[in-house]
Amino acid sequence: MDIQGRTQYELALKAGKSKVEALKIGNEHNRDKSRSPMQWNNQSFAGFSDKSSWIKVNPNYTNLNVVNLDKNENSILNKYKKLIALRNSQLALQYGSYTNLSFSNDCIRFERTFKGEHIKCYFNFGKQPLEIKLNSKETILAGENKMEPDSYLLVKQ
């Protein structure tokens with residue numbers, strides 16, 4: 001049990017709960033159940049170690065691991081790499097102030113502005129596709145202006 005679980009266990013005991021009740025409360029607040037060793041590859045112990053970890057490796061490590069994700073251009077790993085590279089290449093995304101925040105049609109929109117650089121950011125949290133109209137001076141940095149549900153669009157003015 002991690003520190004949060006132990007703390008909740010001790011608090012429950014002090015509040016008069018039985019050890020069984022306190023253990024249940026502690027386990028509800030224990031973060032260990034959501035942890036697993038990093039799955040680097042499909043080798044033994046997911047490439048995390050050459051020995052068994054005290055936290056079990058998720059059985060999906062044979063398919064879901066860094067080596068396999070790196071090979072897939074559309075994986076979440078590569079999406080994050082692209083977004084980090086984009087952020088590092090655009091000063092407005094690093095240092096820009098947030099302006100023009102709005103929410104409509106399940107889409108959050110805001111701008112990042114820094115030293116004359118403007119980047120519009122759109123996030124479609126809805127269940128329906130959205131189309132964002134762009135003008136001729138705008139360039140898509142990431143995403144598509146025909147936004148599918150759970151997608152994003154970054155546009156430089």
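Last residue of the sequence shown: number 157 in UniProt numbering, and the count goes up by one each step with no gaps.
The beta-carbon is built from N, C-alpha and C at its ideal position, and this holds for glycine as well.
Cβ neighbours of Lys79 within its own chain (closer than 6 Å, five residues either side excluded): none. For Phe48, the number of other beta carbons within 10 angstroms of its own is at least 16, and it is reported as buried.
Pro129 and Cys107 have their C-alpha atoms roughly 10 Å apart. Arg112 counts as buried, since no fewer than 16 other beta carbons sit within 10 angstroms of its beta carbon. Secondary structure note for Lys82: its alpha helix (DSSP H) is the uninterrupted segment Ile76 to Ser89.
Lys156: member of the beta strand (DSSP E) spanning Ser151 to Lys156, first to last residue. When DSSP states are grouped into helix, strand and coil, Arg109 belongs to the strand group. Collapsing the DSSP output to three states places Phe48 in coil. Nearest to Lys146 by alpha-carbon distance, out of Lys133, Gln157, Lys156 and Tyr98, is Lys133.
Of all C-beta pairs linking the region 75 to 95 to the region 137 to 146, three or more are shorter than 8 Å, placing the two stretches in contact.
Going by DSSP, Ile140 is part of the beta strand (DSSP E) stretching over Thr139 to Gly143.
Look at Lys120 here: in three-state DSSP terms it is strand.
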